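Here the structure comes first, spelled out in structure tokens, and everything after it is commentary.
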């Protein structure tokens, strides 16, 4: 039999199948068409492999979907963005963008782009929306998390206001005009309390609110340019999801011994777990802000 050298991604998948489905060494050899030594080494060094996989995601070495280059943006758009930013300090220029997250999904599937569809069914039930907001001064604000249930048993002994995220809900866990308006008014109130006038870039979504705010000027980015001009799409969301996956994998490895059956593991992950991992991931993003590529005001000149 022709033996295959396992890639890093293969090793992560092998570890997951070993932990969740309790596949034997023989079954893993057959499935991955590799030698016994590779299987033993992957299982023995599982924590090191997972860390290496997460680090490779953060470094941006994996293949990415091609998007138009910044130079392809209409010069008139660049000029307008440059004029908008002029007069604002870096700390007063914000960007907010949302992403979908399958909070119980396996790592390779939980890195879901917001543009990808999520089919109805079991996976759709585990989908939540996370809105992240950051400034050009590398501040990352408390994330907005949109789930489905209004009241959850895992929140029973704690108030919603005490969560490390801003929690909202609707039947499909989507960002709606109402939710976005509430969030923007909350954001504006914070800026007003600090006596700051700020600029925030938002995507040109159908749910964009049509409101006037006292201390916040909103600018809707033109279609097909958000992945280039949005701060959140310049590595922040990707790094956030990589950290979330790391916490999910670490939990998987720790909890396997306490689960009587592999299929019970996803059920053991609660929204509260996800909320805490989201907050932790954001904290890690804050710590790495200096390494993340932000679009600086000079980029618009």
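Numbering (UniProt numbering), first residue to last: 1 to 301.
By construction, the Cβ of each residue, glycine as well, lies at the ideal position given by its N, Cα and C atoms.
If you're wondering where the values come from, they're calculated on a predicted model, not measured in any experiment.
Looking at the unbroken beta strand (DSSP E) that takes in residue i, where does it start and where does it end?
| i | result |
| --- | --- |
| residue 167 | 166 to 169 |
| residue 201 | 198 to 202 |
| residue 98 | 93 to 102 |
| residue 220 | 216 to 220 |
| residue 184 | No beta strand (DSSP E) contains residue 184, which is instead part of the alpha helix (DSSP H) from 177 to 193. |
| residue 146 | 144 to 147 |
Quick test of your reading: residue i and residue j, contact by CB under 8 Å. State the CB separation rounded to the nearest angstrom.
| i | j | result |
| --- | --- | --- |
| residue 90 | residue 136 | 4 Å |
| residue 177 | residue 209 | 5 Å |
| residue 216 | residue 248 | Going by Cβ atoms, the distance from residue 216 to residue 248 rounds to 34 Å, so no, they are not a contact pair. |
| residue 279 | residue 164 | 3 Å |
| residue 50 | residue 39 | That belief does not hold up - the Cβ atoms of residue 50 and residue 39 are roughly 16 Å apart, past 8 Å. |
| residue 46 | residue 253 | 7 Å |
| residue 221 | residue 199 | Actually they do not touch by this definition, with Cβ atoms about 12 Å apart. |
| residue 126 | residue 102 | 5 Å |
| residue 192 | residue 92 | Rounded, the Cβ-Cβ distance is 13 Å, inconsistent with contact. |
| residue 306 | residue 237 | An answer regarding residue 306 cannot be provided, because it is not within the stretch 1 to 301 covered by the chain. |
| residue 147 | residue 271 | 6 Å |
| residue 188 | residue 214 | 6 Å |
Based on the DSSP output, what are the partners of residue i in its beta bridges?
| i | result |
| --- | --- |
| residue 254 | DSSP, once it has assigned bridges, lists no residue as partnering residue 254. |
| residue 140 | 134 |
Classify residue i as buried or exposed, calling it buried when 16 or more other Cβ atoms lie within 10 Å of its own Cβ.
| i | result |
| --- | --- |
| residue 83 | exposed |
| residue 19 | buried |
| residue 274 | buried |
| residue 13 | buried |
| residue 140 | buried |
| residue 86 | exposed |
| residue 44 | exposed |
| residue 283 | exposed |
| residue 244 | buried |
| residue 211 | exposed |
| residue 129 | buried |
| residue 242 | buried |
| residue 175 | buried |
| residue 286 | exposed |
| residue 204 | exposed |
| residue 5 | exposed |
| residue 25 | exposed |
| residue 94 | buried |
| residue 309 | Here the chain comprises residues numbered 1 to 301, so residue 309 is not present and cannot be evaluated. |
| residue 168 | buried |
| residue 99 | buried |
| residue 33 | exposed |
| residue 111 | The pLDDT assigned to residue 111 is 41, lower than 50, so where the model puts this residue is not dependable; a value taken from the coordinates is nonetheless given after this. Counting Cβ neighbours within 10 Å, residue 111 comes out buried, since at least 16 surround it. |
| residue 306 | As shown, the chain starts at 1 and ends at 301. That puts residue 306 outside it, with no answer to give. |
| residue 246 | buried |
Note the first and the last residue of the continuous alpha helix (DSSP H) segment covering residue i.
| i | result |
| --- | --- |
| residue 132 | It is not in any alpha helix (DSSP H) - residue 132 instead sits in the beta strand (DSSP E) that spans 127 to 135. |
| residue 213 | No alpha helix (DSSP H) contains residue 213, which DSSP labels as neither H nor E. |
| residue 43 | 36 to 44 |
| residue 29 | 25 to 32 |
Would you please verify whether the beta carbon of residue i is less than 8 Å from any beta carbon of chain B?
| i | result |
| --- | --- |
| residue 193 | Chain labels in this structure do not include chain B; a single protein chain is all it has. |
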